[in-house]
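In this note's numbering, the protein residues as written are -18 to 113.
For each residue, glycine too, the CB sits at the ideal point set by N, CA and C.
See structure below.
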């Protein structure tokens, strides 16, 4: 798998998220893929990816507005901006009333044979809290 392959797949995945084309996202998630994302902790594989999707679909409407990838070897780093509309209150956070936040997101991936082996998301909680 070349760096150009990874770049192309990263673009496919971000575009697929915007269209809720989960089949195109999940095709790159392996059985043992480690997924790390803030409040959900560590999850694994397609079951873990399904949990991330369900969590975000429940609490937010979301869309990536822009993204830029850097690929080095078998690792990808993406800096993106996401627009989140806060739809359902999350325990311990302010009440959801449809607040909109544009937040920076960093996504780091490790690739092997066309599948992610590790996927880590970092979302700016500070920017989110400033908007809600």
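1. Which stretch, first to last residue, makes up the beta strand (DSSP E) that contains residue 46?
2. How far does the beta strand (DSSP E) with residue 15 in it extend, from its first residue to its last?
3. Starting from residue -14, trace the alpha helix (DSSP H) both ways and give me its first and last residue.
4. Looking at the unbroken beta strand (DSSP E) that takes in residue 23, where does it start and where does it end?
5. Rounded to whole angstroms, how far is the Cβ of residue 86 from the Cβ of residue 102, which I believe are closer than 8 Å?
6. Of the residues 91, 109 and 50, which one's Cα is nearest the Cα of residue 77?
7. Considering only the alpha carbon of each residue, which of 104, 111, 90 and 112 lies closest to residue 11?
8. Look at the alpha carbon of residue 113 and the alpha carbon of residue 40, and state the distance between them as a whole number of angstroms.
9. Alpha carbons only, please: which of 50, 5 and 42 is nearest the one belonging to residue 70?
10. Going by DSSP in three states, residue 111 sits in which element: helix, strand or coil?
11. Considering only DSSP beta bridges, list what residue 93 is partnered with.
12. Alpha carbon to alpha carbon, how far is residue 20 from residue 4? Give it in angstroms, no decimals.
Put simply:
1. Mapped onto the chain shown, residue 46 falls at position 65. Start and end: 41 to 53.
2. By one-based count along the chain shown, residue 15 stands at place 34. 10 to 18 is the extent of the beta strand (DSSP E) around residue 15.
3. Taking the first residue of the chain shown as position 1, residue -14 is located at position 5. From DSSP, the alpha helix (DSSP H) with residue -14 extends over -16 to -1.
4. Here residue 23 refers to the residue found at position 42 of the chain shown. Element bounds for residue 23: 22 to 25.
5. Here residue 86 refers to the residue found at position 105 of the chain shown. Here residue 102 refers to the residue found at position 121 of the chain shown. That belief holds up - the Cβ atoms of residue 86 and residue 102 are roughly 7 Å apart, short of 8 Å.
6. By 1-based counting over the chain shown, the position of residue 77 is 96. Considering only alpha carbons, the answer is 109.
7. Counted from its first residue, the chain shown places residue 11 at position 30. Here the closest residue by C-alpha is 90.
8. The sequence position of residue 113 within the chain shown is 132, counting from 1. The sequence position of residue 40 within the chain shown is 59, counting from 1. Between residue 113 and residue 40, the C-alpha separation is close to 13 Å.
9. Taking the chain shown and counting its residues from 1, one reaches residue 70 at position 89. Distance from the Cα of residue 70 is smallest, within the candidate group 50, 5 and 42, for 42.
10. Looking up residue 111 in the chain shown gives position 130. It is helical.
11. Reading the chain shown from its first residue, position 112 is the one you call residue 93. Per DSSP, 96.
12. The count along the chain shown starts at 1 and reaches residue 4 at position 23. The count along the chain shown starts at 1 and reaches residue 20 at position 39. Their backbone Cα atoms lie some 24 Å apart in a straight line.
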